[in-house]
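Chemist:
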């Protein structure tokens with residue numbers, strides 16, 4: 041099969057040699073070496089896996105599977121000659137590893153459980169275990185019916201009440217499970233400069249989970265790194281790219297629209313905000329009125345440090361639940377209208393990372409957003425009772441718009457912000 045070309049730590053080698061339980065879990069911080077160790081073990085298993093059953097790779101989406109599993113596996117600098125014996129096309133439901141057919145199954149919602157029907161499992165690799173639905177994983181375990189079938193899984197820490205920890209990891213001795221905990225400092229392949237940059241990029245909850253590798257509850261302020269004295273600015277540099285205006289739609293609740301651009305200083309800027317609160321104004325607006333108000337707002341927008349007036353952002357990112365307003369924008373000929381990426385925790389983490397790395401700033405005119413940011417907090421009751429990370433649904437209209445815009449346009453801005461190029465969960 042060949043050997044991994046990258047240097048392995050003693051902990052990685054130990055986890056590979058000891059992962060002979062029916063379920064083996066590598067858990068801990070980002071970039072800690074757990075993925076490389078688990079993938080090498082998976083290759084070793086595929087080479088000798090029992091016949092008469094199917095081998096599967098499980099991930100939240102085809103994109104995450106391609107990035108987290110087959111990206112490293114097909115990299116010769118990591119897996120040497122073995123990388124040439126791995127064939128996978130992004131989005132395909134079948135891969136070939138060392139001459140053996142591998143089923144690729146996604147599990148991003150409750151309906152995903154049905155994709156396992158009829159499976160006679162001889163082994164599985166599970167990427168990002170905590171992002172897989174609880175019932176899907178239970179069904180996967182039940183389907184590993186071939187004698188000698190083993191499961192290998194990786195995960196970052198989550199809420200300590202998460203089902204993966206409560207139902208499986210905390211019962212490791214009882215259930216015959218093996219697990220290994222990794223931190224960022226366990227990866228010998230990382231330079232001291234990179235480790236320092238990673239530690240600086242994450243703050244608060246994300247630092248404790250993704251850098252220290254701790255299973256901790258979400259509590260307190262969500263954007264702990266947000267510092268009004270630093271992140272609120274009176275002047276904005278020249279904007280090299282107007283990424284989007286991002287809309288959290290409301291009729292009774294406030295309507296919030298943020299204009300977001302990429303500055304020539306390689307930072308994101310919220311340069312302006314249009315906001316209408318029907319309760320305060322004592323006037324509700326129709327979809328057509330909101331669309332017209334948006335056009336007037338953008339048409340009057342000055343470009344920072346130029347004499348140009350009027351902004352046409354590349355995308356108009358809209359609350360995905362606002363179907364009627366999206367339709368109105370299409371009728372009005374607005375280009376680039378798209379429903380927002382509403383993956384809440386991923387969006388929050390991205391915004392928090394930008395604040396922590398000082399790559400996101402807000403112009404003082406965005407008063408609604410500035411008012412909401414300090415009080416945007418985790419729902420402690422949901423975390424304590426159900427092990428669920430979610431924000432309190434109160435005074436969150438402009439912060440939701442910020443999350444929509446930043447997350448949905450990430451592919452456009454991330455290549456231009458150097459400190460975040462390698463920051464990933």
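Numbering (the working numbering), first residue to last: 41 to 465. Glycine is no exception: its CB is placed at the ideal position from the N, C-alpha and C atoms.
Which residues in the same chain as residue 256 place their Cβ atom closer than 6 Å to its Cβ, once the five residues preceding and following it in sequence are excluded?
Modeler: Closer than 6 Å at Cβ, skipping near neighbours: 248.
Chemist: List the endpoints of the continuous alpha helix (DSSP H) containing residue 395.
Modeler: 384-396 is the span of the alpha helix (DSSP H), which, as asked, contains residue 395.
Chemist: Applying the criterion that 16 or more other CB atoms from any shown protein chain within 10 Å of the CB defines a buried residue, is residue 209 buried or exposed?
Modeler: Buried is the call here.
Chemist: Just list the beta strand (DSSP E) runs in the segment 80-165, keeping only unbroken ones of 3 residues or longer that don't cross its boundaries, in chain order.
Modeler: The segment 80-165 contains these whole beta strand (DSSP E) runs: 94-99, 134-137 and 140-146.
Chemist: Can residue 96 and residue 154 be called in contact, C-beta distance under 9 Å?
Modeler: The answer is no: Cβ separation not under 9 Å.
Chemist: Which ranges does the alpha helix (DSSP H) cover as unbroken runs of at least 4 residues, wholly within the segment 188-251, from first to last along the chain?
Modeler: With a minimum length of 4 residues, the continuous alpha helix (DSSP H) runs that stay inside the segment 188-251 are 212-215, 232-241 and 244-250.
Chemist: Can you round the beta-carbon distance between residue 227 and residue 73 to whole angstroms, since I take them to be within the 8 Å contact cut?
Modeler: Correct: roughly 4 Å between the Cβ atoms.
Chemist: Cutting at 7 Å between CB atoms, please list the residues of its own chain near residue 101, excluding the five before and the five after it.
Modeler: Answer for residue 101: 146 and 148, listed in chain order.
Chemist: By how many angstroms is the C-alpha of residue 217 removed from the C-alpha of residue 388?
Modeler: Going from the Cα of residue 388 to the Cα of residue 217 covers about 32 Å.
Chemist: So residue 300 and residue 286 are in contact, right, with Cβ under 8 Å, and what is the actual spacing, rounded?
Modeler: Rounded, the Cβ-Cβ distance is 6 Å, consistent with contact.
Chemist: Out of curiosity, what's the CA-to-CA distance linking residue 182 and residue 361?
Modeler: In a straight line, the C-alpha of residue 182 is about 36 Å away from that of residue 361.
Chemist: Quick one: what's got a C-beta closer than 8 Å to residue 325's C-beta in the same chain, skipping five residues either side?
Modeler: Excluding sequence neighbours, residue 325 sits near 291, 295, 316, 318 and 333.
Chemist: Taking C-alpha atoms, which residue in 353, 365 and 276 lies nearest to residue 305?
Modeler: Nearest of 353, 365 and 276 to residue 305, Cα basis: 276.
Chemist: Could you check where the beta strand (DSSP E) with residue 303 kicks off and where it finishes?
Modeler: Taken as a continuous stretch (DSSP letters only), the beta strand (DSSP E) holding residue 303 covers 295-303.
Chemist: Taking the alpha-carbon positions, what's the residue 62 to residue 206 distance?
Modeler: Those two C-alpha atoms are separated by around 18 Å.
Chemist: So which of 419, 371 and 229 has the shortest CA-CA distance to residue 434?
Modeler: Here the closest residue by C-alpha is 419.
Chemist: With which residues is residue 279 paired in a DSSP beta bridge?
Modeler: 303.
Chemist: Suppose you measure from the CA of residue 394 to the CA of residue 455; what does that come to, to the nearest Å?
Modeler: The straight-line gap from Cα to Cα measures roughly 13 Å.
Chemist: Measure the alpha-carbon distance for residue 202 versus residue 223 and round it to whole angstroms.
Modeler: Near 20 Å, if we compare the C-alpha coordinates of residue 223 and residue 202.
Chemist: Roughly how many angstroms separate the alpha carbons of residue 231 and residue 237, rounded to a whole number?
Modeler: The straight-line gap from Cα to Cα measures roughly 10 Å.
Chemist: Please classify residue 467: does DSSP put it in a helix, a strand, or coil?
Modeler: Lying outside 41 to 465, the shown extent of the chain, residue 467 is not represented and no answer is given.
Chemist: What would DSSP say about residue 61, mapped onto helix, strand or coil?
Modeler: Three-state DSSP puts residue 61 in coil, outside helix and strand.
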